[in-house]
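Chains as they are written, first to last, in this note's numbering: chain A, 3 to 175; chain W, 3 to 175.
First up is the structure itself, then whatever we jot down about it.
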DNA sequence: CTGAACTTTCAAAACTTTTTGAAAGTTTAG
DNA sequence: CTAAACTTTCAAAAAGTTTTGAAAGTTCAG
């Protein structure tokens, strides 16, 4: 296999992989493209390589910058904007964890906390007692688990690579 | 807030939450509905509570059973099938991790391994040397990270609740 | 067997998300 | 300032996903 073919395959796979994780396919493909490029690329370069429209390229590159995965590079004597991807896999993972916690875990925790409060309020009718109790236990269990998972991810996100690898060794014992 | 309203809200939130994680909204809502039901429900019950069609209810209940999150219950003297959800949050988490590893992480790892092999093949032309080297390093880094993350998840999936909580304490030190 | 009770399937419709591309906006060289 | 070079926006179109519901399939009591 040619290296060009291999990179192509990498870009396609990264796109599909991203899609299952709730990330727009083009966004993931752009990320992959920038990861395998030896030079920063312009919007035009990306449009041509991925066969996508200007609007699509522009929007998704912005999104990648919002996530912190891609940064703008300027070349002297050139008005075009060029982009390059963060290549440190460890750093990439932390940025992704940060975004996903923000978007997915924290809103869910907020809802659970809210509903827990409701469940604690007085029981009005006798027959509700047991139902309410069961619901409360469920919410409490989910809350406990999610809070713990969230705090691990928080720790991960703030830690350095060594912490991760040291932790791994501990856990695998 | 009424308990009925609270459960309603739980079902809606679980649905939206699931959606961002690449799980069909109805599937997540059905799961939530069964989680908060004190009795097993029939397909008809689910159709009525969630206002969905028979086909939709049927397909997504099947999917939940494939994931192992829901099981069939039969009542004597009744030909209908009833369904109930696994309520142990820990167990639920393990089942979800198992499915997602299978569907998302493992296929990605397979692609990376395949591309790594390609990258190791002889360099044909002089100018390709550096490009190939850079690509190889990237693939190697991703592979290392993903393999480690996958093995933590594998361990998690096979472990019991106590392992998880003990590990947490260790990690948070 | 037969037919009622139930479950499954799947093509078409509804809905959601993504993409396009042209127009508007911004920046800068001259 | 002006106009060329570039970036951003967003309504409409395309693509993708989910849902519907009716027909086909299955099971089982009588």
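No residue lacks a Cβ here, since even glycine has one placed at the ideal position from N, Cα and C.
Beta-carbon gap between residue i and residue j smaller than 8 Å
| i | j | result |
| --- | --- | --- |
| residue 75 of chain W | residue 36 of chain W | no |
| residue 45 of chain A | residue 34 of chain A | no |
| residue 38 of chain A | residue 111 of chain W | no |
| residue 79 of chain W | residue 23 of chain A | no |
| residue 148 of chain W | residue 94 of chain W | no |
| residue 84 of chain A | residue 122 of chain A | no |
| residue 133 of chain A | residue 5 of chain W | yes |
| residue 27 of chain W | residue 173 of chain A | no |
Proximal residues to residue i (C-beta, below 7 Å), its chain only, five neighbours per side dropped
| i | result |
| --- | --- |
| residue 29 of chain A | 20, 62, 65, 66 |
| residue 69 of chain W | 97, 101 |
| residue 9 of chain W | 38 |
| residue 56 of chain W | 45, 49 |
Beta-carbon contacts of residue i that lie in its chain and below 6 Å, excluding the five residues immediately before and after
| i | result |
| --- | --- |
| residue 166 of chain A | none |
| residue 155 of chain A | 99, 103 |
| residue 159 of chain W | 96, 99, 100 |
Residue i to residue j span [Cα, whole Å]
| i | j | result |
| --- | --- | --- |
| residue 163 of chain W | residue 92 of chain W | 7 Å |
| residue 169 of chain W | residue 145 of chain A | 18 Å |
| residue 117 of chain W | residue 114 of chain A | 43 Å |
| residue 16 of chain A | residue 171 of chain W | 34 Å |
| residue 153 of chain W | residue 47 of chain A | 38 Å |
| residue 136 of chain W | residue 143 of chain W | 11 Å |
| residue 128 of chain A | residue 3 of chain W | 17 Å |
| residue 82 of chain A | residue 41 of chain A | 14 Å |
| residue 90 of chain W | residue 109 of chain W | 29 Å |
| residue 86 of chain W | residue 14 of chain W | 19 Å |
| residue 18 of chain A | residue 77 of chain W | 43 Å |
| residue 105 of chain W | residue 151 of chain W | 15 Å |
| residue 51 of chain A | residue 7 of chain W | 51 Å |
| residue 12 of chain A | residue 120 of chain A | 49 Å |
| residue 138 of chain A | residue 161 of chain A | 34 Å |
Residue i burial status per 10 Å Cβ neighbour count (16 or more: buried)
| i | result |
| --- | --- |
| residue 53 of chain A | exposed |
| residue 32 of chain W | buried |
| residue 124 of chain W | exposed |
| residue 88 of chain A | buried |
Cβ shell of residue i (< 8 Å), same chain only, five flanking positions each side left out
| i | result |
| --- | --- |
| residue 194 of chain A | Look at the range of chain A in this structure, 3 to 175, and you will see that residue 194 of chain A is not part of it. |
Where in the stretch 26 to 111 of chain W do unbroken runs of the alpha helix (DSSP H), each at least 4 residues long, occur, reported from the N-terminal end onward?
Fully enclosed alpha helix (DSSP H) runs of no fewer than 4 residues occupy 27 to 38, 45 to 52, 56 to 69, 91 to 102 of the stretch 26 to 111 of chain W, in order along the chain.
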